[in-house]
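Engineer:
Number of protein chains: 2
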Amino acid sequence: MNIFIIGVGLIGGSFALDVKDTYSDVKVFGIDNNPEHLSTALALGVIDEKADWNDLGKADIVYAAIPVNVLCNVLPEILDKVNDEAVVIDGGSTKMLICEAVKEHPKRRNFLAAHPIAGTEFSGPEAAIKGLYANKTNIICEVEKTAFKLQERALKIFSDIGMRIRYMDPYSHDKHIAYTSHLSHISSFMLGKTVIEKEANERDIFDMAGSGFESTVRLAKSSPAMWTPIFQQNKQNVLETLEEYIENLQEFRDLMLKDDFEAIYNVMQNTNKIKEILKGITVKN
Amino acid sequence: MNIFIIGVGLIGGSFALDVKDTYSDVKVFGIDNNPEHLSTALALGVIDEKADWNDLGKADIVYAAIPVNVLCNVLPEILDKVNDEAVVIDGGSTKMLICEAVKEHPKRRNFLAAHPIAGTEFSGPEAAIKGLYANKTNIICEVEKTAFKLQERALKIFSDIGMRIRYMDPYSHDKHIAYTSHLSHISSFMLGKTVIEKEANERDIFDMAGSGFESTVRLAKSSPAMWTPIFQQNKQNVLETLEEYIENLQEFRDLMLKDDFEAIYNVMQNTNKIKEILKGITVKN
Chain A
1 MNIFIIGVGL IGGSFALDVK DTYSDVKVFG IDNNPEHLST ALALGVIDEK ADWNDLGKAD
61 IVYAAIPVNV LCNVLPEILD KVNDEAVVID GGSTKMLICE AVKEHPKRRN FLAAHPIAGT
121 EFSGPEAAIK GLYANKTNII CEVEKTAFKL QERALKIFSD IGMRIRYMDP YSHDKHIAYT
181 SHLSHISSFM LGKTVIEKEA NERDIFDMAG SGFESTVRLA KSSPAMWTPI FQQNKQNVLE
241 TLEEYIENLQ EFRDLMLKDD FEAIYNVMQN TNKIKEILKG ITVKN
Chain B
1 MNIFIIGVGL IGGSFALDVK DTYSDVKVFG IDNNPEHLST ALALGVIDEK ADWNDLGKAD
61 IVYAAIPVNV LCNVLPEILD KVNDEAVVID GGSTKMLICE AVKEHPKRRN FLAAHPIAGT
121 EFSGPEAAIK GLYANKTNII CEVEKTAFKL QERALKIFSD IGMRIRYMDP YSHDKHIAYT
181 SHLSHISSFM LGKTVIEKEA NERDIFDMAG SGFESTVRLA KSSPAMWTPI FQQNKQNVLE
241 TLEEYIENLQ EFRDLMLKDD FEAIYNVMQN TNKIKEILKG ITVKN
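Chains as they are written, first to last, in the UniProt record's numbering: chain A, 1 to 285; chain B, 1 to 285.
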């Protein structure tokens with residue numbers, strides 16, 4: 001089985017490692033517009049062979065894990081190049097514009113829109129790790145638009161590397177993911193910015209930062225090249241969540257200004273129920 | 001050596017476990033106004049014996065890990081009760097009002113003001129874990145006001161359980177800790193609130209939450225009983241950080257509204273330097 005990874009970074013590279021670990025009969029080809037990343041991926045054993053767009057005809061599976069704006073541009077071209085039996089899967093964090101980009105493509109049935117809820121704050125081929133996908137959820141959009149045999153092939157791989165599958169329409173995906181992922185990134189980036197600005201001249205005080213700060217600011221290490229187009233593509237949903245988040249922070253501030261610490265206690269206690277909600281989430285990274 | 005833990009929860013209980021693991025000649029007594037917590041701590045082996053305030057005279061070391069408002073009220077009373085050779089250490093997340101509370105106490109030299117930068121989002125004696133303090137920083141305030149022999153005894157214990165020591169005045173402590181700890185808790189609580197409110201009727205979407213959301217929202221599981229008085233005692237500093245955080249979020253929103261994604265890219269790239277800053281932090285929890 002020939003698997004082509006387009007974008008040999010954290011997401012694409014980890015997929016390659018899991019697939020190689022699961023099957024003995026796969027050959028993993030890498031395509032990346034950064035030649036250094038491609039060489040690193042080869043040296044690290046993330047891929048078996050470098051390849052380019054003209055080799056896509058021999059792919060059984062293509063896994064494209066590149067910024068979502070680039071995905072929209074190149075997915076039609078990828079579909080043009082693959083053979084009729086190949087399945088092209090994306091790993092983008094938005095789904096509406098991506099599905100839109102291939103809607104009318106004659107090979108639409110060769111495409112499966114997916115969003116693996118898996119990742120770390122690191123990027124590039126060195127960030128690829130085995131087991132990233134195990135026990136994680138893969139959101140599949142518009143599954144009915146993919147040829148049945150190709151759905152089956154893709155879903156078997158996801159299942160074999162340990163993923164749960166959830167089906168969702170692109171509109172709902174983008175709306176909800178703004179809350180459960182995109183907003184977290186903004187809250188983390190702005191927390192990092194606030195602290196860096198204030199404490200720029202007092203590096204020692206980072207001795208005072210513990211695991212709590214590290215945890216809330218972790219996502220501020222994420223790649224701007226991946227995240228800028230995500231915020232751009234999901235602008236309306238992200239703005240809505242951000243507005244609500246700002247309002248909640250302002251309310252908290254106002255309660256403090258009024259010395260209404262009983263209300264603050266209650267707000268925090270109500271929010272403690274996130275414990276129960278999170279119990280269902282498997283966190284490995 | 002008789003060690004009295006006042007408040008046998010996460011912070012006090014973990015200290016007990018580390019001390020018992022490090023020394024063979026200690027006996028750990030527990031005091032807690034919640035009798036269930038005390039029984040649980042005994043059953044779990046966190047403490048060796050239940051005790052009450054009238055037993056404090058036989059303490060060599062008292063470690064008080066209770067809400068900071070309670071600390072301010074009871075520290076003078078604890079100092080009244082201990083013998084002249086005992087050292088009383090607190091673990092509070094604020095330092096100005098605590099130091100103020102015992103400033104004029106005749107046994108001020110028996111008190112050491114400390115803030116271990118260690119913790120998890122859990123609370124109660126079941127949350128106590130061995131090794132919580134290893135490789136963590138302990139901030140000591142007004143060390144010069146503690147009797148030298150008692151400083152030495154306390155610092156040897158901190159060092160033996162694996163802590164780094166940093167000295168700081170209470171004013172600077174409270175100012176900086178607002179950025180590196182207190183603000184993280186608010187950002188996390190309000191993130192949890194925003195998502196819970198929006199997604200209250202769609203529990204399924206928490207399948208879409210991954211490790212990123214879990215990480216940023218983790219602190220929203222923290223104890224309101226511990227955190228409300230912290231925000232109250234450090235009100236001015238916390239308000240200042242919160243205001244700056246809100247401004248940064250508003251700026252981010254405005255850049256999105258203007259479609260200035262180049263600026264958004266740059267803001268995130270600048271904030272990526274948090275990577276370097278965090279490298280020095282040891283994170284175990």
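Every residue, glycine too, gets a C-beta built ideally from N, C-alpha and C. Because the structure is a prediction, the values reported are computed rather than measured.
Are any of the Cβ atoms in chain B nearer than 9 Å to that of residue 37 of chain A?
Structural biologist: One-based indexing of the first sequence puts residue 37 of chain A at position 37. Not one chain B Cβ lies under 9 Å of residue 37 of chain A.
Engineer: Tell me the residue span of the alpha helix (DSSP H) that contains residue 161 of chain B.
Structural biologist: As a position in the second sequence, residue 161 of chain B is number 161, starting the count at 1. No alpha helix (DSSP H) contains residue 161 of chain B, which DSSP labels as neither H nor E.
Engineer: Please report whether the beta-carbon of residue 15 of chain A lies at a distance below 9 Å from any beta-carbon of chain B.
Structural biologist: Position 15 of the first sequence holds residue 15 of chain A. So no, residue 15 of chain A is outside the interface.
Engineer: Taking the beta carbon of residue 22 of chain A as the centre, do at least 16 other beta carbons fall within 10 Å, making it buried, or is it exposed?
Structural biologist: The residue labelled residue 22 of chain A in the question sits at position 22 within the first sequence. Exposed, because fewer than 16 other Cβ atoms sit within 10 Å of the Cβ of residue 22 of chain A.
Engineer: Look at the alpha carbon of residue 121 of chain B and the alpha carbon of residue 251 of chain A, and state the distance between them as a whole number of angstroms.
Structural biologist: By 1-based counting over the second sequence, the position of residue 121 of chain B is 121. By 1-based counting over the first sequence, the position of residue 251 of chain A is 251. Spanning the two alpha carbons is a distance of roughly 23 Å.
Engineer: Which residue from A:156, A:162 and A:138 puts its Cα closest to that of residue 168 of chain A?
Structural biologist: Position 168 of the first sequence, counting from 1, holds the residue named residue 168 of chain A. Looking at the Cα atoms, A:138 is the closest of the given residues.
Engineer: Can you tell me which of B:213, B:224, B:133 and B:177 puts its alpha carbon nearest to the alpha carbon of residue 66 of chain B?
Structural biologist: Locating residue 66 of chain B in the second sequence gives position 66, counting from the first residue. For the residues B:213, B:224, B:133 and B:177, the minimum Cα distance to residue 66 of chain B belongs to B:224.
Engineer: Indicate the three-state DSSP secondary structure (helix, strand or coil) for residue 77 of chain B in the structure shown.
Structural biologist: To locate residue 77 of chain B, count along the second sequence from 1; it is residue 77. Residue 77 of chain B: helix per DSSP, three-state reduction.
Engineer: Determine the burial state of residue 11 of chain A: buried for a count of at least 16 other Cβ atoms within 10 Å of its Cβ, exposed for fewer.
Structural biologist: The residue given as residue 11 of chain A occupies position 11 in the first sequence. Residue 11 of chain A is buried by the Cβ-count criterion.
Engineer: Is any beta-carbon of chain B found at less than 9 Å from that of residue 10 of chain A?
Structural biologist: Sequence index remark: in the first sequence, residue 10 of chain A carries index 10 (1-based). No, residue 10 of chain A lies away from the interface with chain B (no Cβ there is under 9 Å from its Cβ).
Engineer: Checking 9 Å against the spacing of the C-beta atoms, do residue 111 of chain A and residue 74 of chain A come in under that value?
Structural biologist: In the first sequence, residue 111 of chain A corresponds to position 111, counting from 1. In the first sequence, residue 74 of chain A corresponds to position 74, counting from 1. Taking 9 Å as the Cβ cut-off, residue 111 of chain A and residue 74 of chain A do not qualify as a contacting pair.
Engineer: Quick one: is residue 259 of chain A buried, meaning 16 or more other Cβ sit within 10 Å of its Cβ, or exposed?
Structural biologist: On the first sequence, position 259 is the one that residue 259 of chain A refers to. Exposed, by the Cβ-count rule.
Engineer: Could you tell me which residues DSSP puts in a beta bridge with residue 28 of chain A?
Structural biologist: What you label residue 28 of chain A is simply residue 28 of the first sequence in a count that begins at 1. Beta-bridge pairing links residue 28 of chain A to A:3.
Engineer: Under the DSSP definition of a beta bridge, which residues are partnered with residue 112 of chain A?
Structural biologist: For the purposes of this step, residue 112 of chain A is taken as the residue at position 112 of the first sequence. Paired residues: A:89.
Engineer: Express the C-alpha separation of residue 263 of chain B and residue 127 of chain B in angstroms, rounding to a whole number.
Structural biologist: Sequence index remark: in the second sequence, residue 127 of chain B carries index 127 (1-based). Sequence index remark: in the second sequence, residue 263 of chain B carries index 263 (1-based). If you take the alpha carbons of residue 127 of chain B and residue 263 of chain B, they lie about 43 Å apart.
Engineer: Under the three-state reduction of DSSP, which class applies to residue 217 of chain B: helix, strand or coil?
Structural biologist: On the second sequence, position 217 is the one that residue 217 of chain B refers to. It is helical.
Engineer: Report all residues from its chain with a CB closer than 8 Å to the CB of residue 160 of chain A; omit the five preceding and five following residues, and keep chain order.
Structural biologist: If you number the first sequence from 1, residue 160 of chain A lands on position 160. 22 and 23, listed in sequence order.
Engineer: For the candidate residues B:70, B:37 and B:170, whose alpha-carbon lies nearest to that of residue 96 of chain B?
Structural biologist: Here residue 96 of chain B corresponds to residue number 96 of the second sequence, with the count starting at 1. Checked all of B:70, B:37 and B:170; the closest Cα to residue 96 of chain B is B:170.
Engineer: Identify, in the order they occur along the chain, each residue of the same chain with its Cβ nearer than 7 Å to the Cβ of residue 174 of chain B, setting aside the five sequence neighbours on each side.
Structural biologist: Position 174 of the second sequence, counting from 1, holds the residue named residue 174 of chain B. 94, 95, 96, 234 and 237, listed in sequence order.
Engineer: Taking Cβ to Cβ, would you say residue 261 of chain A is nearer than 9 Å to residue 219 of chain A?
Structural biologist: Here residue 261 of chain A corresponds to residue number 261 of the first sequence, with the count starting at 1. Here residue 219 of chain A corresponds to residue number 219 of the first sequence, with the count starting at 1. In this structure, residue 219 of chain A does not lie closer than 9 Å to residue 261 of chain A by Cβ.
Engineer: What residue range is occupied by the uninterrupted beta strand (DSSP E) comprising residue 146 of chain A?
Structural biologist: Indexing the first sequence from 1 puts residue 146 of chain A at position 146. Run containing residue 146 of chain A: none; DSSP gives neither H nor E here.
Engineer: Note down, in chain order, every chain B residue with its Cβ under 8 Å from the Cβ of residue 217 of chain A.
Structural biologist: Your numbering for residue 217 of chain A matches position 217 in the first sequence. Here the neighbours are 184, 274 and 278.
Engineer: Residue 286 of chain B versus chain A: which residues are under 7 Å apart at the beta carbon?
Structural biologist: Residue coverage of chain B in this structure runs from 1 to 285, which leaves residue 286 of chain B outside it and unanswerable.
Engineer: Tell me the residue span of the beta strand (DSSP E) that contains residue 63 of chain B.
Structural biologist: Position 63 of the second sequence, counting from 1, holds the residue named residue 63 of chain B. Here the beta strand (DSSP E) through residue 63 of chain B covers 61-64.
Engineer: Judging by CA-CA distance, which residue of A:64, A:134 and A:163 is the nearest neighbour of residue 78 of chain A?
Structural biologist: Reading the first sequence from its first residue, position 78 is the one you call residue 78 of chain A. Measuring from the Cα of residue 78 of chain A, the nearest candidate turns out to be A:64.
Engineer: Assuming residue 267 of chain B and residue 193 of chain A are in contact, meaning their beta carbons sit under 8 Å apart, how far apart are those beta carbons, in whole angstroms?
Structural biologist: Counting from one through the second sequence, the residue named residue 267 of chain B turns up at place 267. Counting from one through the first sequence, the residue named residue 193 of chain A turns up at place 193. That pair is a contact at about 7 Å.
Engineer: Buried or exposed for residue 90 of chain A, going by 16 or more other Cβ atoms inside 10 Å?
Structural biologist: Within the first sequence, residue 90 of chain A is the residue found at index 90, counting from 1. Buried.
Engineer: Against chain B, which members of the segment 139-152 of chain A pass a CB distance test of less than 9 Å?
Structural biologist: Here the close residues are 139.
Engineer: Can you give me the C-alpha to C-alpha distance between residue 141 of chain B and residue 114 of chain B, rounded to a whole angstrom?
Structural biologist: As a working mapping, residue 141 of chain B is identified with position 141 in the second sequence. As a working mapping, residue 114 of chain B is identified with position 114 in the second sequence. Between residue 141 of chain B and residue 114 of chain B, the C-alpha separation is close to 6 Å.
Engineer: Which residues in chain B sit within 7 Å of residue 118 of chain A, going by Cβ to Cβ distance?
Structural biologist: Translated into positions along the first sequence, residue 118 of chain A becomes position 118. Near residue 118 of chain A (Cβ distances below 7 Å), the residues of chain B are 210.
Engineer: Return helix, strand or coil for residue 138 of chain A, following the three-state DSSP convention.
Structural biologist: The residue given as residue 138 of chain A occupies position 138 in the first sequence. In this structure, residue 138 of chain A counts as strand in the three-state DSSP scheme.
Engineer: If you draw a straight line from the alpha carbon of residue 46 of chain B to that of residue 38 of chain B, how long is it in whole angstroms?
Structural biologist: Sequence index remark: in the second sequence, residue 46 of chain B carries index 46 (1-based). Sequence index remark: in the second sequence, residue 38 of chain B carries index 38 (1-based). The alpha-carbon atoms of residue 46 of chain B and residue 38 of chain B are separated by roughly 9 Å.
Engineer: Counting only beta-carbon atoms, is residue 154 of chain A nearer than 9 Å to chain B?
Structural biologist: Position 154 of the first sequence, counted from the start, is the residue given in the question as residue 154 of chain A. Not closer than 9 Å to any Cβ of chain B, the Cβ of residue 154 of chain A fails to qualify, so no.
Engineer: Please list the terminal residues of the continuous alpha helix (DSSP H) segment that includes residue 192 of chain A.
Structural biologist: For the purposes of this step, residue 192 of chain A is identified with residue 192 of the first sequence, where counting begins at 1. Note, residue 192 of chain A: alpha helix (DSSP H), 183-199.
Engineer: If you run the structure through DSSP and keep just helix, strand and coil, what is residue 23 of chain A?
Structural biologist: Mapped onto the first sequence, residue 23 of chain A falls at position 23. It is coil, neither helix nor strand.
Engineer: Under the three-state reduction of DSSP, which class applies to residue 104 of chain B: helix, strand or coil?
Structural biologist: Along the second sequence, read from residue 1 onward, the residue named residue 104 of chain B stands at position 104. Three-state result, residue 104 of chain B: coil.
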